[in-house]
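Numbering (UniProt numbering), first residue to last: 1 to 279. We treat Cβ as the ideally placed atom computed from N, Cα and C, and that holds for glycine. Only one structure is covered here, and it is reproduced in the block below.
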Amino acid sequence: MVWGTTYVVTTELLPLGHPLFAGLLRALPAGLIALAITRTMPRGTWLAKAAALGVLNIGLFFPLLFVAAERLPGGVAATLGAAQPIIVAVLAVGVLHESPSAWRFVWGVVGVLGVGLVVLGPAAGFDIVGILAGLGGTAGMALGVTLTKRWGRPEGVSPTTFAGWQLTAGGLFLVPVTFLFEGMPPAIDGDAILGYLWLGLIGGLVAYVLWFRGITTLPVTSVALLGLLSPMVAAVLGAVVLGQSLGPIQVIGFALCMAAILAGQIHPTFKKTQLALHG
């Protein structure tokens, strides 16, 4: 739900044209704060694993998210992000060796349809760079979520430490990339400071601590379907903060999304019953 605030904060508070810098400020300070609190560094094979997860979940996802948010209407960007449960359902078969779940795949499609009804309108634009960025970020984080579930969390490592490793790794990845492609940082005013603080401390540190805690506890496809709450919150904020209207079609979309989220937490079992007839 906190991640649903990203779109309105990006468009209303942050300087446009600097998606890499926005991703950097969202990741690295939050990661360093977490490491300063926990004072625990990855060791052994977890040096490489934490780096890989940090790049997938943070280093690639953050800037691609901001590119999509800047170049596309929030509704289009949100709909692309809503495809993550479908990608995760497919990856769960190949990476986690889970049995294919038609149940969660179908509800993932229903969730995308619901998000589309809520946030897409006649004015929706389809910038190719924005669409590729949105799909790339969604696919990268879907792989990161799936690998996080496969590798788990080292014994004795808290969710705060785990989030700190990944935020720091993703932030360090973004440092040279940001200055190579964007040059010097933009001028930052009071609104931008508030935006970066919100995205870094709340949308970064707090949200990712909770997120990685949930991934290790719940089935990965169930976690991915909870991500549909993000575009729902974005749509509500668009109505409340930006004065965007919500009509009957949006209400239907909300209902479909909530149904998909709830159904994704259910694990249906189908058992055959036999009737014995006694004479």
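Inset, instruction - Specify the secondary structure class of residue 189 as computed by DSSP and reduced to three states. - result: coil
Legend entry - Helix, strand or coil at residue 96 [DSSP, three-state]: Secondary structure at residue 96: coil, using DSSP grouped into helix, strand and coil.
Legend entry - Nearest candidate by alpha-carbon position, reference residue 59, set 138, 103, 96, 261: 138
Inset, instruction - Spatial neighbours of residue 54 within its chain, please: CB distance less than 6 angstroms, with the 5 preceding and 5 following residues excluded, ordered by chain position. - result: Excluding residues within five positions, the ones whose Cβ falls inside 6 angstroms are 166, 169, 170.
Inset, instruction - Using alpha carbons as the reference points, say which of 184, 232, 254, 132 lies closest to residue 24. - result: 184
Inset, instruction - Could you check the C-alpha separation between residue 115 and residue 107 for me, to the nearest Å? - result: 12 angstroms
Inset, instruction - Determine the extent of the alpha helix (DSSP H) in which residue 161 is found, giving its start and end residues. - result: 159-181
Inset, instruction - Measure from the alpha carbon of residue 99 to the alpha carbon of each residue in 193, 236, 219, 29, then state which is nearest. - result: 219
Legend entry - Classification of residue 97 by the beta-carbon crowding that lies within 10 angstroms, buried from 16 upward: exposed
Legend entry - Span separating the alpha-carbon of residue 249 from that of residue 7: 21 angstroms
Legend entry - Terminal residues of the alpha helix (DSSP H) in which residue 6 lies: 6-12
Inset, instruction - Examine the Cβ distances between the region 228-238 and the region 5-21 and report whether three or more of them are shorter than 8 angstroms. - result: yes
Inset, instruction - Measure the C-alpha to C-alpha separation of residue 154 and residue 12 and round it to an integer number of angstroms. - result: 39 angstroms
Inset, instruction - Sort 197, 36, 101, 215 by Cα distance to residue 263 and report the nearest one. - result: In terms of CA proximity to residue 263, 101 leads the group 197, 36, 101, 215.
Inset, instruction - For residue 227, I'd like the list of residues in its chain whose CB is within less than 6 angstroms of its CB, leaving aside the five on either flank, ordered along the chain. - result: 84
Inset, instruction - Starting from residue 250, follow the alpha helix (DSSP H) in both directions and report where the run begins and ends. - result: It spans 248-263 - the alpha helix (DSSP H) in which residue 250 sits, taken as one unbroken run.
Inset, instruction - State buried or exposed for residue 1, treating a residue as buried only when at least 16 other CB atoms are found within 10 Å of its CB. - result: With fewer than 16 other Cβ atoms inside 10 Å of its own Cβ, residue 1 counts as exposed.
Inset, instruction - Can you grab the Cα-Cα spacing for the pair residue 251 / residue 57, in whole Å? - result: Spanning the two alpha carbons is a distance of roughly 31 angstroms.
Legend entry - Whole-number beta carbon distance between residue 134 and residue 174, since they are thought to touch under 8 angstroms: In fact, because the Cβ distance is near 18 angstroms, the residues do not count as touching under 8 angstroms.
Legend entry - Candidates 195, 103, 130, 215, of which the one nearest residue 142 by Cα: Selected option, being the one with the closest Cα: 215.
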